[in-house]
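Numbering follows the UniProt record's numbering, with no gaps: position 165 of the sequence shown is 165. Here is the structure we will look at, set down as structure tokens.
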Amino acid sequence: MVRRLHEADDQACQQLLAKRPAENLFIIGDIENFGYEQDFQKLWGEFDKNQQLVAILLKYHNNYICYAEGEFDAPAFAEIINEDPDFMQLSGLQSITSQILSHIQHPAPKTRTLYYAKCETTAYLDQKADTENVQRAKLGDIPSITRLHSLIPEFEMDNSREDSMKRGLQNGSARTYFIKNDHDILSCASTTAENSMSAMVVGVCTHPDHKKQGYASICMTKLCHELLAEGKMLCLFYDNPEAGSIYKRLGFEDIGKWMMHVFHPVEQVT
């Protein structure tokens with residue numbers, strides 16, 4: 001049986017999602033931040049014959065994310081999506097989105113595929129790494145960090161990045177660790193979408209004039225130690241196998257491919 005989820009279902013939701021905090025980073029964070037009764041956010045759940053919650057579908061604005069432990073009623077979730085005139089994106093692990101995708105009645109999507117990795121142990125971190133010079137960013141550091149980001153060719157230009165980073169720092173959903181010299185920030189690593197169980201690692205970069213000196217690894221070592229000590233599992237996306245090998249040396253392991261299927265909205269008949 002599939003039905004809308006409400007605040008009264010929160011305990012069942014958390015029990016299911018907590019089994020895979022990295023995989024469910026976005027669902028956990030959106031529930032913690034916005035709950036069950038927002039106009040822009042709704043949740044549905046599938047219950048088995050014993051009334052146990054086995055699958056969750058989240059709508060956040062025009063994006064849907066699904067999680068299930070095993071087989072689930074993909075046609076029922078697809079029906080909910082098909083009936084939403086605002087639907088534009090289906091995201092999630094490939095093993096889950098592939099089951100829903102065949103039932104979506106919208107035109108073929110544009111799809112982006114990313115590797116998805118998680119880290120839940122400090123065992124692979126260099127315990128002797130000198131992280132004394134790694135600082136945790138304050139609001140006043142954000143402009144310098146975004147200036148570094150603007151020098152990185154792989155990073156898309158985003159005029160809202162500075163405001164977004166400040167907002168994340170203020171509400172506790174993001175943080176940044178960095179190394180600097182007298183003039184510049186040399187390297188940094190950030191989190192976003194932090195929740196009580198997990199956090200997404202983003203913005204790992206080094207100034208073009210100071211590459212191959214281990215600065216990014218030191219920032220990541222500090223970040224991983226602190227977040228894991230707080231009981232937060234770390235996860236990240238990457239599409240470059242070379243970058244993936246660096247993260248794996250720090251203890252990240254692949255947990256699947258994250259799919260982003262972007263659809264054009266269907267014209268409504270009036």
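A virtual CB, placed ideally from N, CA and C, is assigned to each residue, including glycine. Everything numeric in this text was worked out from a predicted model, so none of it was measured.
Along the length of the UniProt domain "N-acetyltransferase" (132 to 270), whole beta strand (DSSP E) runs at least 3 residues long occupy 175 to 180, 185 to 192, 198 to 206, 233 to 238 and 253 to 262, reported in chain order.
Of all alpha-carbon atoms in Glu23, Asn63, Gln52 and Thr122, the one lying nearest the alpha-carbon of Phe40 is that of Asn63. Collapsing the DSSP output to three states places Glu46 in a strand. In the three-state reduction of the DSSP assignment, Leu5 falls in the coil class.
Between Phe178 and Asp141 the beta-carbon gap is near 7 Å, inside 8 Å, which marks them as a contact. Between Lys118 and Cys235, the C-beta spacing is below 8 Å. Per DSSP, the unbroken alpha helix (DSSP H) holding Gly29 starts and ends at Leu25 to Phe34.
By the neighbour-count criterion, in which 16 or more other beta carbons inside 10 Å mark a residue as buried, Arg112 falls on the exposed side. Counting every other CB atom within 10 Å of its CB across the protein chains shown gives Ala55 a total of 16 or more, marking it as buried. With at least 16 other beta carbons inside 10 angstroms of its own, Glu194 counts as buried.
Taking Glu162 as the centre and dropping the five residues before and after it, the same chain places the C-beta of Ile142, Pro143 and Thr146 closer than 8 Å to its C-beta, in chain order.
If you draw a 10 Å sphere on the C-beta of Met259, you find 16 or more other C-beta atoms in it, and that means buried. Thr121 sits in coil when the DSSP states are folded into three classes, being neither helix nor strand.
Per DSSP, reduced to three states, the secondary structure at Gln41 is strand. Here the C-alpha atom of Arg20 lies approximately 10 Å from the C-alpha atom of Ile28.
Secondary structure of Ala74 (DSSP, three-state): helix. Under the DSSP assignment, Ile104 falls outside any beta strand (DSSP E); it carries neither an H nor an E label. Straight across, the Cα-Cα distance linking Glu7 with Gln213 is about 49 Å.
Phe77 and Ser198 have their C-alpha atoms spaced approximately 26 Å apart.
Counting C-beta atoms within 10 angstroms of its own C-beta, Thr121 has fewer than 16 neighbours from the protein chains shown and is therefore classed as exposed. Selection Ser95, Ile185, Ala108 and Arg167 evaluated against Lys257 yields Ser95 as nearest (Cα-Cα).
CA-CA distance, Arg175 to Asn33, rounds to 17 Å. Apart from sequence neighbours up to five positions away, the residues of its chain that approach Met200 with a beta-carbon distance below 7 Å are Leu25, Thr191, Thr192, Ala193, Cys235 and Leu236, ordered along the chain. Exposed is the label assigned to Ser150, since fewer than 16 other Cβ atoms lie within 10 Å of its Cβ.
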